[in-house]
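Visitor: I am attaching a structure below and will ask some questions about it afterwards.
There are 4 protein chains.
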Amino acid sequence: LKAGIINVTGYAGVELARLLHGHPEAELTCVTGRSGAGQRLAEVFPHLAPCDLPIEPELSPVDFAFSALPHASSAEAIIPVLDTGAKVVDMSADFRLKDAASYEQWYGVTHPAPHLLAEAVYGLPELAREAIRGARLIANPGCYSTATILALAPAVKEGVIQPRVVADAKSGVSGAGRTLALTSHYSEVNENFSAYGLDGHRHLPEMQQELVALNPAMGLQLTFVPHLAPMTRGILCSCYGAIADGRIGTGAQGQKTLLDLYRSFYAGEPFVRVVDRPPHTKHTWGNNVCLVYPTADWRTGTLIVISCLDNLVKGAAGQAIQNMNIMCGFPETMGLDALAVYP
Amino acid sequence: LKAGIINVTGYAGVELARLLHGHPEAELTCVTGRSGAGQRLAEVFPHLAPCDLPIEPELSPVDFAFSALPHASSAEAIIPVLDTGAKVVDMSADFRLKDAASYEQWYGVTHPAPHLLAEAVYGLPELAREAIRGARLIANPGCYSTATILALAPAVKEGVIQPRVVADAKSGVSGAGRTLALTSHYSEVNENFSAYGLDGHRHLPEMQQELVALNPAMGLQLTFVPHLAPMTRGILCSCYGAIADGRIGTGAQGQKTLLDLYRSFYAGEPFVRVVDRPPHTKHTWGNNVCLVYPTADWRTGTLIVISCLDNLVKGAAGQAIQNMNIMCGFPETMGLDALAVYP
Amino acid sequence: LKAGIINVTGYAGVELARLLHGHPEAELTCVTGRSGAGQRLAEVFPHLAPCDLPIEPELSPVDFAFSALPHASSAEAIIPVLDTGAKVVDMSADFRLKDAASYEQWYGVTHPAPHLLAEAVYGLPELAREAIRGARLIANPGCYSTATILALAPAVKEGVIQPRVVADAKSGVSGAGRTLALTSHYSEVNENFSAYGLDGHRHLPEMQQELVALNPAMGLQLTFVPHLAPMTRGILCSCYGAIADGRIGTGAQGQKTLLDLYRSFYAGEPFVRVVDRPPHTKHTWGNNVCLVYPTADWRTGTLIVISCLDNLVKGAAGQAIQNMNIMCGFPETMGLDALAVYP
Amino acid sequence: LKAGIINVTGYAGVELARLLHGHPEAELTCVTGRSGAGQRLAEVFPHLAPCDLPIEPELSPVDFAFSALPHASSAEAIIPVLDTGAKVVDMSADFRLKDAASYEQWYGVTHPAPHLLAEAVYGLPELAREAIRGARLIANPGCYSTATILALAPAVKEGVIQPRVVADAKSGVSGAGRTLALTSHYSEVNENFSAYGLDGHRHLPEMQQELVALNPAMGLQLTFVPHLAPMTRGILCSCYGAIADGRIGTGAQGQKTLLDLYRSFYAGEPFVRVVDRPPHTKHTWGNNVCLVYPTADWRTGTLIVISCLDNLVKGAAGQAIQNMNIMCGFPETMGLDALAVYP
């Protein structure tokens, strides 16, 4: 399988290159870059020396393309690639929202390819594996969205919590990308912790869309607050919601019921591991696993679910390859079986 | 004023020594240590070279003592000091809970000095300044408690939120102290983020006690979840609660009402600053300020309050000196006016 | 004393503002900024809330000015300020090199004010206190230079080492300033260590100039290699040179001779502390102290001197205020007596 | 191939488990632990969930064993394993020094198995590949030693530098292991930089032994100074030596001669990459590559070589597997071809 990366020069793009280099069936044959065109990949990213390729201005024909462009420019770049017959995973937000009006409201631009929205599949394999299998265009979920949806999906689907839910997420700085900004400047971020996006983060509507679809009757009201943590990789999301009356029980029995509910929901999933102790982002560093820990504050009847993952892998490039594997009929874990690098 | 520190060798103790060294009225005349007795302060802590003192096994007579011992041993050590006529700020949890039974339940030991509980004052100056002024024994609040109570006090006092409240707190590693533990081991904590204490953190009952006292009728049900962030100093606490019907308004008007409510509550406070943008822990690094940012998710009607402080200063040693200043009739900001060290 | 800061919006400028805020004799009355003009200081730097001032486009008349502009523009800005009769500390490199040709060679621009070079004093108080006292224009030393010169000065002055000397320096990222760059981008710098400037760092000629002046006959040949460490503040410099025959002795006796030589050289210095164990940058975090540890590899007869300091304090803003104190007849330690913030 | 790890519970051991899990020919069948015996691997190290094994008190029969025990206890544990016919890579220092007296001097204990010293091979494949191929017992080099020897070997072998050489090394904290110590306590190490081991680090004699063997006539006098950097993984070593007269040339021509000399020395090596820009430890994070950058301070005629690697991979577990591959006739890069994880 000839694979290409559109805009390899951001962190999601470069992580795709790393993972594809180790994939037994895909061969990375072309990379493009908004910056860096004309240089070789290994000049800009010395760790990629063994998969050195020239950074091209335009994508050559490939069987499968990943776009790591920002929103709007991504959709524009994808249209001609689809026309060549290639399958595409789009890592931008362009095809995540089903509704072009909502896209325009949150992203401030008119959607460049609204005719593709109907066929694009929101590529969270744990919720949409069959649709992904038949798709030619995947909207790869955002990193925050993956952590939040995987944390809440079982509880929402089963309706065991009341509508009002808070997701308090903490992300490493690589989630903000490789573009220079004061908020990613080392001396500003190191030894610092802050909240941001309090007037509405762009990942919120896709979380709502996907969670509401699991249980429209529940009337989910999701509050999402992202925070910036002084580390490079990792997202940990802590979700809170009042337990619906009588649905879980309390204490040790309630804990068992919760774990059973979550384990049953994720039975057989290769990349979601329901754990029985608070997980650490470090246990997912560099690999495609999402750890989910459901518990509760039994005193107040509050469900607490902690999820964590590597924002550049299960939150971006790893999930993109997982989608490629499903779309191409490869084993779903192919090229994604490396353990986390610890410590 | 002759001041002494019981158990100087932890991070709260050593921070007290740093701050007392710069205090115009207090003179640090004696320090004791569980470890390190027989050594000089500057041998163990080279940054304290200019206030070098021998680390003694027992406290010499002083006018004012700070105890930085762990709970239980702190109360025991304080009894004879009070008998000498000295005033005392206890930085342990021993005198924070009014109820000896609750203490025993959360700390697992019988209270060593229940006869002192009635007179001890929970030393959060913003809520109890007058009581502190007349006290001879202060229970210095915990770091998480200070951040959480200051974030929620105005909203609870005014009853603008519904009873179910979540406090999601993120702390730097120094909060876990200088005692060796795998959870403070560099390679385990660096590039890592995790939740802990999910079955009940010991700071929870003091938060509840103090907040409930502000508005007993509200029926507060507080869920508190602490997290460990890869940084040395700083706590950021994100609090969430459903806005009670019609109490705040929405949008820009609601935001103004909220800010006014908080600014009015903290009017004149030297160490609480109500800000109109999300605060950063780094803006409090090394000083005694607590920043509080009240806002809301207006879509869902959820109050969000972000507070942050330096866990070793406003969360421990700085607040202890603020209490000393009040108890001794010094200006409340004396020795505490240093700006945060940034970046 | 009315003091002003030209270009307050970099890390050296903002650190000056912090330190001046706590200075008993100087009052910060005006700050200018290349960026940020028109905003208030506290908007851009929330930790400076208590010393809020508007960021002006031009300096108002002051008694004493600090320039934190980059080289070339700094000299240009200083000329009219000197003409008002104000004294000036220039934190740029513009007046550090005595020789305009050398300046042009290393900085690639013609010197904007060569007529001021003769009167400008290289402001390392430990080596030039008397000249500083009478000066109206001080060239504040670079951060690497301060660490390296203070480490080597006693050994060079006394001629106890052979000419070939290596200074291997490690700096925190704040030394690279607040200007955005990929080399200061969090995800690039965190968990990373690298050398740079291997074809000649601009601090080298001022180190050589000052060290050679201490002992021209020695024929010093200095190799200087800076490294970037994943931390915000701090420089540690490790210096190596072959011990000249018979000058120090060996083993415990040699160690004592070395310590005596260094302690004698720095006797009475308020901000240089000769220590007898390897120092940590953390022991200088936020204060104006330089720690110096002289020792040797006695097997090979190699002198090793380790020095460390806070690059923004003794390496920049603190030293600038130390120079101001000397120039204005204030006690040299005024406003600079805060202990390091630890941990 | 059945492989076992003696004392899996330190960082080198757990990294071996991670890498062996991905090795196509070796199967990890048994792990032992000084601590943790009786628990399962995944309980102690959640990232190893997919290669879960019980932690045994004693090693079962295997074809190949790795010992990650500390020195002295390692040699003792290895004797019976060799007797079963298994091949062994010892990651401790026990078989690195050829001379039992030197071992006793540096490690303070009598060598537990001096009869094995003659046959043990110092397992640096780039210098001893053929001897490794035929060995049954490998002394796996120390992390500092690997970085220093690989940096200096070409220059020493070719005799292009004078005898007096300084190696200034900077290591991440994981090199100090998983055993609790104040020097690995997060709050002490974070935002800190320090030198240590100034009276002689235990890796020095093995560096000298191996480098002297390359060119006994040169009379190498090596000074080695390790430093602790605030990061988890990575070693960067900066080496300095005066260029022998006329051996390299100067300027651009000298640079080319140097690069050619180094590239020729390491031609065909799969895990040493001679680069033409200063390397970053981050470019080796998690993989088995050592980057080497030779250059010079042409003004003073000083050779500078910068090398870097991941202390737990090429500096420990990865090199151990590289040795296993050679000893067992597998392709040398088998299981070691993952790219570095960046950023």
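Chains as they are written, first to last, in our numbering: chain A, 1 to 343; chain B, 344 to 686; chain C, 687 to 1029; chain D, 1030 to 1372.
Cβ atoms here follow ideal geometry from the backbone N, Cα and C, with glycine treated the same way.
Against chain B, which members of the stretch 711-742 of chain C pass a CB distance test of less than 8 Å?
Guide: Those would be 731, 732, 733, 734, 735, 736 and 737, in chain order.
Visitor: Measuring only the C-alpha atoms, how far is residue 1243(D) from residue 197(A)?
Guide: Residue 1243(D) sits at position 214 when you count from the first residue of the fourth sequence. Residue 197(A) sits at position 197 when you count from the first residue of the first sequence. Each residue's Cα considered, the two are about 60 Å apart.
Visitor: Assign residue 1328(D) to one of three DSSP states: helix, strand, or coil.
Guide: For the purposes of this step, residue 1328(D) is taken as residue 299 along the fourth sequence, with counting starting at 1. If DSSP states are grouped into helix, strand and coil, residue 1328(D) belongs with coil.
Visitor: In whole angstroms, what is the alpha-carbon distance linking residue 1099(D) and residue 1298(D)?
Guide: As a working note, residue 1099(D) is residue 70 in the fourth sequence. As a working note, residue 1298(D) is residue 269 in the fourth sequence. Cα to Cα, the separation comes out at about 30 Å.
Visitor: Could you please tell me which residues of the stretch 218-240 of chain A, in chain order, have their CB closer than 7 Å to any CB of chain D?
Guide: Against chain D - using a Cβ distance shorter than 7 Å - the residues of the stretch 218-240 of chain A are 232.
Visitor: Along chain A, which residues have their Cβ under 8 Å away from the Cβ of residue 1368(D)?
Guide: What you label residue 1368(D) is simply residue 339 of the fourth sequence in a count that begins at 1. Under the 8 Å cutoff, chain A gives 18, 21, 22, 47, 48, 50 and 51.
Visitor: Output the distance between the C-alpha atoms of residue 887(C) and residue 915(C), rounded to the nearest integer angstrom.
Guide: Here the question's residue 887(C) lines up with position 201 in the third sequence. Here the question's residue 915(C) lines up with position 229 in the third sequence. Computed Cα separation, rounded: 16 Å.
Visitor: If you compare alpha carbons, which of 653(B), 632(B), 592(B) and 350(B) is closest to residue 417(B)?
Guide: As a first step, residue 417(B) is located in the second sequence; it is residue number 74 there, counting from the start. Answer by Cα proximity: 350(B).
Visitor: So, does the stretch 560-577 of chain B touch the stretch 329-342 of chain A, judging by three or more C-beta pairs under 8 Å?
Guide: Counting Cβ pairs under 8 Å, fewer than three are found: no touch.
Visitor: Helix, strand or coil, according to DSSP, for residue 926(C) in the structure here?
Guide: By 1-based counting over the third sequence, the position of residue 926(C) is 240. Residue state, collapsed to three classes: strand.
Visitor: Give the DSSP bridge partners of residue 718(C), in chain order.
Guide: Numbered from its first residue, the third sequence carries residue 718(C) at position 32. BP columns for residue 718(C) point to 742(C).
Visitor: Considering Cα atoms alone, identify which of 704(C), 866(C) and 716(C) is closest to residue 767(C).
Guide: Numbered from its first residue, the third sequence carries residue 767(C) at position 81. For the residues 704(C), 866(C) and 716(C), the minimum Cα distance to residue 767(C) belongs to 716(C).
Visitor: Sort out for me which residues DSSP pairs residue 171(A) with in a bridge.
Guide: Within the first sequence, the letter at position 171 stands for residue 171(A). In DSSP, residue 171(A) forms a bridge with 228(A) and 235(A).
Visitor: Run the CB neighbour count on residue 744(C), radius 10 Å, all protein chains shown included, and call it buried at 16 or more, exposed below.
Guide: Within the third sequence, numbered from 1, the residue matching residue 744(C) stands at position 58. Answer is exposed; the Cβ neighbour count stays below 16.
Visitor: Leaving out five residues on either side along the sequence, give the residues of the same chain with a beta carbon under 8 Å from the beta carbon of residue 65(A).
Guide: Numbered from 1 along the first sequence, position 65 holds the residue referred to as residue 65(A). For residue 65(A), where only same-chain residues beyond five positions count, the Cβ hits under 8 Å are 3, 4, 5, 6, 59, 78, 81, 86, 87, 88 and 89.
Visitor: Threshold first: 4 residues or longer. Then list the alpha helix (DSSP H) segments lying entirely within the stretch 781-811 of chain C, N to C.
Guide: Listed in chain order, they are 786-793.
Visitor: Determine the closest residue to residue 651(B) out of 628(B), 444(B), 504(B) and 638(B), with distance taken between C-alpha atoms.
Guide: As a first step, residue 651(B) is located in the second sequence; it is residue number 308 there, counting from the start. Of 628(B), 444(B), 504(B) and 638(B), the residue nearest in Cα terms is 628(B).
Visitor: What does DSSP give as the partner residues of residue 137(A) in its beta bridges?
Guide: Mapped onto the first sequence, residue 137(A) falls at position 137. For residue 137(A), which the question treats as bridged, DSSP gives the partners 88(A).
Visitor: Pull out every residue of the stretch 603-625 of chain B whose Cβ sits closer than 8 Å to any Cβ of chain A, in chain order.
Guide: Cβ contacts with chain A come from 621, 622, 623, 624 and 625.
Visitor: Give a yes or no on whether the minimum CB-CB distance between residue 190(A) and chain C is below 7 Å.
Guide: Your numbering for residue 190(A) matches position 190 in the first sequence. Yes, contact with chain C.
Visitor: Hey, does residue 286(A) have any beta-carbon neighbour from chain D nearer than 7 Å?
Guide: As a first step, residue 286(A) is located in the first sequence; it is residue number 286 there, counting from the start. True, the Cβ-Cβ gap to chain D drops below 7 Å.
Visitor: Please decide whether residue 186(A) counts as near chain D, where near means a Cβ-Cβ distance under 7 Å.
Guide: Here residue 186(A) refers to the residue found at position 186 when the first sequence is read from its first residue. Judged by the 7 Å Cβ criterion, residue 186(A) is not in contact with chain D.
Visitor: Whose C-beta lies closer than 6 Å to the C-beta of residue 142(A) among residues of the same chain, with five residues either side of it excluded?
Guide: Residue mapping note: residue 142(A) aligns to position 142 of the first sequence, counting from 1. These residues qualify, in order along the chain: 203.
Visitor: Terminal residues of the continuous alpha helix (DSSP H) containing residue 1046(D)?
Guide: Against the fourth sequence, residue 1046(D) aligns to sequence position 17. Taken as a continuous stretch (DSSP letters only), the alpha helix (DSSP H) holding residue 1046(D) covers 1040-1050.
Visitor: Whose CA, out of 1157(D), 1311(D), 1282(D) and 1167(D), lies closest to the CA of residue 1096(D)?
Guide: The residue you call residue 1096(D) lines up with position 67 of the fourth sequence. It is 1167(D).
Visitor: Residue 1123(D): buried (16+ other C-beta within 10 angstroms of its C-beta) or exposed?
Guide: For this step, residue 1123(D) is matched to residue 94 along the fourth sequence. Its Cβ being crowded by 16 or more others within 10 Å, residue 1123(D) is buried.
Visitor: Going by the beta-carbon positions, is the gap between residue 532(B) and residue 1215(D) smaller than 7 Å?
Guide: To locate residue 532(B), count along the second sequence from 1; it is residue 189. To locate residue 1215(D), count along the fourth sequence from 1; it is residue 186. In this structure, residue 1215(D) lies closer than 7 Å to residue 532(B) by Cβ.
Visitor: So what does DSSP say about residue 1277(D), is it helix, strand or coil?
Guide: What you label residue 1277(D) is simply residue 248 of the fourth sequence in a count that begins at 1. Coil at residue 1277(D), not helix or strand.
Visitor: Considering just the uninterrupted stretch of the beta strand (DSSP E) at residue 347(B), what are its terminal residues?
Guide: Mapped onto the second sequence, residue 347(B) falls at position 4. Segment 345-349, the beta strand (DSSP E) holding residue 347(B).
Visitor: Which of the three DSSP states is assigned to residue 620(B) in this structure?
Guide: Walking along the second sequence from the start, residue 620(B) turns up at place 277. Residue 620(B) falls in the coil class under three-state DSSP.
Visitor: If we define contact as Cβ-Cβ less than 7 Å, is residue 537(B) a contact residue for chain D?
Guide: Taking the second sequence and counting its residues from 1, one reaches residue 537(B) at position 194. Output row for residue 537(B): interface = no.
Visitor: With a threshold of 8 Å, are at least 3 pairs of Cβ atoms found where one atom belongs to the stretch 921-932 of chain C and the other to the stretch 833-849 of chain C?
Guide: Segments in contact, yes.
Visitor: Along the stretch 156-183 of chain A, what residues have a CB closer than 7 Å to any CB found in chain B?
Guide: So the close ones are 164, 166, 168 and 170.
Visitor: If you follow the alpha helix (DSSP H) that residue 873(C) is part of, which residue opens it and which one closes it?
Guide: On the third sequence, residue 873(C) is found 187 positions in, with the first residue counted as 1. Where residue 873(C) is concerned, the enclosing alpha helix (DSSP H) stretches over 872-875.
Visitor: Which stretch, first to last residue, makes up the alpha helix (DSSP H) that contains residue 519(B)?
Guide: On the second sequence, residue 519(B) is found 176 positions in, with the first residue counted as 1. From DSSP, residue 519(B) is part of no alpha helix (DSSP H); its letter is neither H nor E.
Visitor: Looking at chain C, which residues of the stretch 1325-1343 of chain D have a Cβ within less than 7 Å of any of its Cβ atoms?
Guide: Correct list: 1326, 1329, 1331, 1333 and 1335.
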